[in-house]
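For the sequence shown, the numbering used here assigns the number 183 to the initial residue and increments by one for each residue that follows.
Beta carbons: idealized from backbone N, C-alpha and C, even for Gly.
Let me begin by presenting the structure, written as structure tokens, before commenting on it.
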Amino acid sequence: GLFPKKMALMFVEIPNLNSIYITVKLFANLRKYGVPKSVIEIPEGSTIKSVLKKVKIPNEEKKLIFMVNGLPRYDRNLVIKDKDILAIFPPIGGG
């Protein structure tokens with residue numbers, strides 16, 4: 183073909199670089215990581231997990247509660263879509 187095989191493989195691995203915009207809302211003590219509500223730009227195909235990294239919430243924050251567009255979500259690998267609203271809550275203690 184036109185490209186050497188190694189170069190062709192490089193092109194295959196390039197991720198989709200289209201950007202989307204989502205709203206991230208941080209609640210309670212998570213606000214120490216950023217403003218309570220912000221619109222951020224992320225690559226299309228990003229997951230909740232990658233959004234956590236982007237807004238600099240450390241991995242130590244294990245038991246977070248997520249809502250996407252008002253619906254509870256439990257999978258950090260869920261793909262976020264353009265204009266989604268991701269709300270992130272700390273675990274709620276009780277007793």
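Self-check item: DSSP three-state assignment for Asn262, whether helix, strand or coil
Solution: Residue 262 is actually Ile in this sequence, not Asn. DSSP places Ile262 in coil when its eight states are reduced to three.
Quiz item: For the stretch 195 to 245, which segments carrying the alpha helix (DSSP H) assignment without a break, of at least 4 residues, lie completely within its bounds, in sequence order?
Solution: 230 to 236
Practice problem: Pull up the distance between the alpha-carbon of Ile274 and that of Ile247, whole angstroms please. | Solution: Going by the C-alpha atoms only, they are around 9 Å apart.
Quiz item: Do you know how far the Cα of Lys265 is from the Cα of Glu243?
Solution: 25 Å
Quiz item: Which value, in whole angstroms, describes the spacing of the CA atoms of Ile204 and Lys245?
Solution: 22 Å
Quiz item: When you compare only the Cα positions, how much space is there between Leu253 and Ser220?
Solution: 19 Å
Practice problem: To the nearest angstrom, report how far apart Ile230 and Asp257 are at their CA atoms. | Solution: 8 Å
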